[in-house]
Ligand code: ADP
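In my numbering, the protein residues as written are 47 to 627.
And the structure:
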């Protein structure tokens, strides 16, 4: 990993480059310095020798010049050449002057001819060494004295020094490279550790910690990153807590919550909404809403909220949830990142039902009261109009008025009972009721009516079962049931009451009759107020249509249930099931 790290490679490359450039620079400047130094020394040496020889040369006869030059070379290891002003070589310590070419064009000779000291450095191809030439003008004798020394020895010295410098530099470079390598590797590893830690933060993985780092810039970066990690973790924890609270609130809400984006795709919803549209959780994110809710008109409303930014409130009937009615409040959701709509589905089915029940109830009560009141008013007016004097009818008319007044009284009494049952405050504290006692009282109450209708009333053994509740109300419920069983029976029919304990701590009171029975389609409705399967017959037998409604209320207020089975023409069975006290 270290070898592949770009930082590591760059650091190492920089070190190699730096060391290389330094070596080259050292080599270049040192070589030049040494060369300059050695040349200057050779020049000084030639000048000193030249100074002496130029004084000597005047005394040497021309024929001896050759020998003199050779002797001098042997003495001081310097090549001596004597050149005439024409450029012709007169004598040379190494070569035969006759075989040498004209020297007039040699730079050092040209300078000396003009009366100055001439100096030049040239490479000798024959000997493959550099030569330093010094030419001095000898005015009196009219020729030039040239001295030359090879610089070969000096170059060998420089090469040796360079070799040693190179060796030392290479050793230093190798050492520097090792140090640079170790440093780069350590740096690269530290950066690698910080990177792994930072990557962990990106994936919200806070399990990794950073080992203590040295207190340099990288160490400070690592400490800052650790601080960021702590803050990030706290923020994420807070966010998670918030999210789980929100989830819990949404999940436990009875109202459905739905959020859609600008493309009408679900961004989130809760269980209540899923239930309302008949879907099961979890609902796939970004699911097109139309696949859940096949109501283009409602989708159009949501679109309008999105476009206008104005909230709307509307009623919506959802076919999926058995025609339940919802009041939907839809508001724009503008979170800057994306626009959408949030809708709250409030189930108002029950409220609607209660409103309908209340309306029906008022209409029913009015209707129920109108009939006896109209009869009373009619007969009273007839009496006032002279029928009072009619001995054949007046007593009959007064009897009708009386029976209708009784009927009104019964309705008022039943309504009062119902209203008391519905009012929590009026409900007295439950007492222990002996079923046997309640049944005996109820049977005694309907005894005479059974006699009138020629119906045989019987009861099985009630045992010692007891339930908790209000005794008067239980007796009333039993009377209502027994009364119906008698009223809707035929002459010679039977009514039987039985009490039985079920194994699961419940006690059942069953009232079975051999009466007219109830049409199947009416069974679910007979417990509603004023509902009667046969209005005329009910009225004829003095019914108010409120009896079973009272029975249901009483039973439920004592924690029980009421059920009915009936066969049209052969009788009905009403069963009250109570938890045993
Ligand atoms: P009502 O005062 O008319 O008896 P209820 O609420 O007690 O009112 O009963 C509602 C209707 O249910 C009755 O009108 C009758 O049509 C039917 N019903 C109740 N009990 C019986 C029964 N035992 N046999 C046949 N029909 C019954």
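Glycine included, C-beta positions come from ideal geometry on N, C-alpha and C. Bear in mind that the values here come from a model prediction, so they are computed numbers and not experimental data.
Alpha-carbon to alpha-carbon, residue 209 and residue 68
16 Å
What residues match up with residue 611 in a beta bridge as DSSP calls it?
619
Considering only the alpha carbon of each residue, which of 377, 333 and 364 lies closest to residue 352?
377
Please report the distance separating the alpha-carbon of residue 272 from that of residue 291.
28 Å
Bounding residues of the beta strand (DSSP E) (the contiguous stretch that carries residue 386)
385 to 393
Which class does residue 595 belong to by DSSP, given the choice of helix, strand or coil?
helix
If you draw a straight line from the C-alpha of residue 286 to the C-alpha of residue 319, how long is it?
Here the C-alpha atom of residue 286 lies approximately 23 Å from the C-alpha atom of residue 319.
Cβ of residue 600 within 8 Å of Cβ of residue 523?
yes
Going by DSSP, name the residue or residues bridged to residue 164.
181
Could you have a look at residue 522 and say whether DSSP puts it in helix, strand or coil?
In the structure shown, residue 522 sits in a helix (DSSP, three-state: H, G or I).
Report all residues from its chain with a CB closer than 8 Å to the CB of residue 596; omit the five preceding and five following residues, and keep chain order.
460, 463, 464, 467, 522, 523 and 526
So within the segment 389 to 452, which uninterrupted alpha helix (DSSP H) runs reach at least 4 residues, ignoring any that extend past its ends?
395 to 430
Give me the Cα-Cα distance between residue 491 and residue 304, rounded to the nearest whole angstrom.
58 Å
Identify which residue in 249, 544 and 232 has its Cα closest to the Cα of residue 279.
If we check each option's Cα against that of residue 279, 249 comes out closest.
Where residue 54 falls: helix, strand or coil (DSSP)
helix
Would you kindly report the start and end of the unbroken alpha helix (DSSP H) that includes residue 548?
Residue range 540 to 548 is occupied by the beta strand (DSSP E) that includes residue 548, with no alpha helix (DSSP H) assigned at that position.
Could you check whether residue 488 and residue 541 sit closer than 8 Å to each other, using their CB atoms as the reference points?
no
Considering Cα atoms alone, identify which of 190, 72 and 158 is closest to residue 111.
Ranked by how close their Cα comes to the Cα of residue 111, the residues 190, 72 and 158 have 190 in first place.
Touch check for the segment 542 to 551 and the segment 497 to 506: three-plus C-beta pairs under 8 Å?
Yes, since at least three Cβ pairs between the segment 542 to 551 and the segment 497 to 506 fall closer than 8 Å, the two stretches touch.
At a cut-off of 7 Å, would you count residue 579 as near the ligand ADP, judging by its Cβ distance to the nearest heavy atom?
yes
Quick check on DSSP: helix, strand or coil for residue 568?
helix
Hey, is the segment 160 to 173 in contact with the segment 121 to 132, meaning 3+ C-beta pairs nearer than 8 Å?
no
Answer yes if the segment 68 to 84 comes into contact with the segment 98 to 105, meaning at least three C-beta pairs across the two stretches below 8 Å, and no otherwise.
no
Please confirm whether any heavy atom of the ligand SAM lies closer than 7 Å to the CB of residue 561.
Among the ligands modelled here, namely the ligand ADP, the ligand SAM does not occur.
For the alpha helix (DSSP H) containing residue 573, list its first residue and its last residue.
That residue, residue 573, is in no alpha helix (DSSP H); it is neither H nor E in DSSP.
Simplified DSSP assignment, three categories, for residue 59:
helix
If you measure from the CB of residue 595, is any heavy atom of the ligand ADP nearer than 7 Å?
yes
Taking the alpha-carbon positions, what's the residue 425 to residue 474 distance?
Their Cα atoms are separated by approximately 42 Å.
Going by DSSP, name the residue or residues bridged to residue 256.
Looking at the DSSP assignment, residue 256 forms no beta bridge with any residue, so it has no partner.
Just to check, is the beta-carbon of residue 354 closer than 7 Å to a non-hydrogen atom of the ligand ADP?
no
Comparing C-alpha positions only, which one of 194, 481 and 418 sits nearest to residue 517?
481
Rounded C-alpha distance that separates residue 48 from residue 238:
For residue 48, the predicted structure reports a pLDDT of 47, less than 50, and the residue's modelled location is therefore unreliable. A value from the coordinates is still provided. Going from the Cα of residue 48 to the Cα of residue 238 covers about 8 Å.
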